[in-house]
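The structure appears right after this line, and notes come after that.
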Amino acid sequence: MRYLFFLVLVLTSLATNAQPAKAALQQSITRGKIVYNQVCISCHQADGGGVPNMNPPLIKSKWVDGDKKVLINILLNGFSEKVAIDGDYYSNNMPAQSQLTDQQIADVLTYIRNSFENKASAILPQNVKTCRKK
Ligand code: HEC
Numbered sequence: 218m219r220y221l222f223f224l225v226l227v228l229t230s231l232a233t234n235a236q237p238a239k240a241a242l243q244q245s246i247t248r249g250k251i252v253y254n255q256v257c258i259s260c261h262q263a264d265g266g267g268v269p270n271m272n273p274p275l276i277k278s279k280w281v282d283g284d285k286k287v288l289i290n291i292l293l294n295g296f297s298e299k300v301a302i303d304g305d306y307y308s309n310n311m312p313a314q315s316q317l318t319d320q321q322i323a324d325v326l327t328y329i330r331n332s333f334e335n336k337a338s339a340i341l342p343q344n345v346k347t348c349r350k351k
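Note that the working numbering has the sequence shown beginning at 218, numbered continuously upward.
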């Protein structure tokens with residue numbers, strides 16, 4: 218009986234903790250979409266598909282789903298390395314987006330990591346702050 222009580226206690230605390238986290242993620246994605254539509258959409262397009270030979274897609278991209286620091290640094294410093302992205306090269310350069318706040322960068326990256334067939338963990342403003350300092 219005592220164990221049952223304990224179990225119920227643990228389960229309710231888990232459930233109440235999970236809800237705010239989920240809501241926070243959803244809010245970050247919603248804010249991130251606004252930033253995306255203002256800043257990124259002209260190059261990467263509404264569906265994240267990019268523009269052939271000019272701007273790479275963000276769909277199932279190893280940069281989008283991959284290491285958070287590498288991804289954050291693409292936004293802070295831009296990206297002009299002529300590396301193949303899924304076997305294709307892109308003539309444009311990606312301009313640095315360091316004018317955005319830590320919150321905006323976290324939100325837009327959380328948005329792209331949860332859109333265009335991507336599914337990856339959220340990026341938090343603290344993560345951006347740490348990268349910006351270096
Ligand atoms: C002026 C056009 C332009 C804008 C605006 C722009 N990008 Fe890019 N982006 C590029 C190009 C071009 C590359 C590839 C650069 C290269 O190959 O050297 C790139 C690369 C990337 C990459 C890594 C490669 C990939 O396909 O995954 C990510 C992630 C990315 N951009 C995200 C964003 C986000 C998020 C925004 C908005 C905050 C944004 N970009 C705004 C043009 C742009």
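Where a beta carbon is used, it is the ideal one built from N, C-alpha and C, also for glycine. Bear in mind that the values here come from a model prediction, so they are computed numbers and not experimental data.
Is Ile302 near ligand 1, with its Cβ less than 6 Å from a heavy atom?
It does: the Cβ of Ile302 is within 6 Å (strictly closer) of some heavy atom of ligand 1.
Would you kindly check if the distance between the Cβ of Gln321 and the Cβ of Leu292 is under 7 Å?
no
Any heavy atom of ligand 1 within a distance shorter than 6 Å of the CB on Val256?
True, at least one ligand heavy atom lies under 6 Å from that Cβ.
DSSP state of Val268 mapped onto helix, strand, coil:
Three-state DSSP puts Val268 in a strand.
Who are the near neighbours of Asn344 in its chain, counting only those whose CB is closer than 7 Å to its CB and skipping five residues on each side?
Lys285, Ile289, Ala323
According to DSSP, is Asp303 part of a helix, a strand, or is it coil?
coil
With a threshold of 8 Å, are at least 3 pairs of Cβ atoms found where one atom belongs to the region 237-246 and the other to the region 272-279?
no
What residue range does the alpha helix (DSSP H) around Gly249 cover?
219-252
State the start and end residues of the unbroken alpha helix (DSSP H) segment that holds Val256.
Per DSSP, Val256 belongs to no alpha helix (DSSP H) and is neither H nor E.
Indicate, with yes or no, if ligand 1 has a heavy atom lying under 6 Å from the CB of Val345.
no
Tell me whether Cys348 counts as near ligand 1, meaning its Cβ is closer than 6 Å to at least one heavy atom of that ligand.
no
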